[in-house]
Amino acid sequence: MSIHILRERATPEQIAAMLADWGVLIKVAVDVQREIMAGGGEMHADSEAVLLADGSRQSDLWGANWYPASNEIRFEAIINLRSRDGNTKTEVQNPAIRAKMENIIRQLLAGDS
179 MSIHILRERA TPEQIAAMLA DWGVLIKVAV DVQREIMAGG GEMHADSEAV
229 LLADGSRQSD LWGANWYPAS NEIRFEAIIN LRSRDGNTKT EVQNPAIRAK
279 MENIIRQLLA GDS
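The working numbering applies: residue 179 is where the sequence shown begins, and numbers increase by one.
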């Protein structure tokens, strides 16, 4: 399991390491306030725990999967089940949070600006 906190664009070596657990996807946790993310590991909670230890607040963390072959993002993760925050499904329901997550993921993993 190789989890990386990304504050700037991931290197090809980091992406390869984060792909080690699943091969075709990287499970990520995104801090929408600090605009950083962590990726890798078997579960989104692995990346979430790394970000919490780094100073992130739980309420700012959301999970997704990134598929590098298609550059697709799926905004689904068990860590997103948070009725207190109005998110009653595994999918991120708030369009503003999804948009912010997508921007961060694309900048740090896909290299999009």
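Just so you know, even glycine gets a beta-carbon here, dropped at the ideal spot from N, CA and C.
Do residue i and residue j have their C-beta atoms closer together than 9 Å?
{"i": "L286", "j": "E220", "result": "no"}
{"i": "W240", "j": "I214", "result": "no"}
{"i": "A242", "j": "M196", "result": "no"}
{"i": "D224", "j": "G218", "result": "yes"}
{"i": "V210", "j": "I181", "result": "no"}
{"i": "A207", "j": "M179", "result": "no"}
{"i": "P246", "j": "I204", "result": "yes"}
{"i": "N249", "j": "A194", "result": "no"}
{"i": "R276", "j": "D238", "result": "no"}
For a test of the three-state rule: what should DSSP assign to residue i, helix, strand or coil?
{"i": "S291", "result": "Unreliable positioning characterises S291 in this predicted model, as indicated by a pLDDT of 49, which lies under 50. A coordinate reading is not provided."}
{"i": "N258", "result": "helix"}
{"i": "R252", "result": "strand"}
{"i": "D232", "result": "coil"}
{"i": "I193", "result": "helix"}
{"i": "N272", "result": "coil"}
For residue i, which residues in the same chain have their Cβ closer than 6 Å to its Cβ, ignoring the five residues on either side in sequence?
{"i": "I283", "result": "W244 and I251"}
{"i": "S291", "result": "Residue placement at S291 cannot be trusted, given a pLDDT of 49 that sits under 50; what the coordinates show is reported in the next sentence. The answer is none, since no qualifying residue turns up."}
{"i": "N265", "result": "N258 and Q271"}
{"i": "A216", "result": "I181, I183, A207, S225, V228 and L229"}
{"i": "E254", "result": "T268 and E269"}
{"i": "Q192", "result": "H182"}
So, at 8 Å on beta carbons, what are the nonlocal neighbours of residue i in its own chain, with the 5 sequence-adjacent residues on each side left out?
{"i": "N281", "result": "none"}
For residue i, write down the residues that DSSP places opposite it in a beta bridge.
{"i": "L239", "result": "D209"}
{"i": "A216", "result": "I183 and A207"}
For the ligand COA, is there a heavy atom less than 8 Å away from the beta-carbon of residue i?
{"i": "S225", "result": "As for the ligand COA, it is missing from this structure, which has no ligand bound."}
In its own chain, which residues sit with a C-beta less than 7 Å from the C-beta of residue i, not counting the 5 before and 5 after it?
{"i": "V202", "result": "Y245 and A247"}
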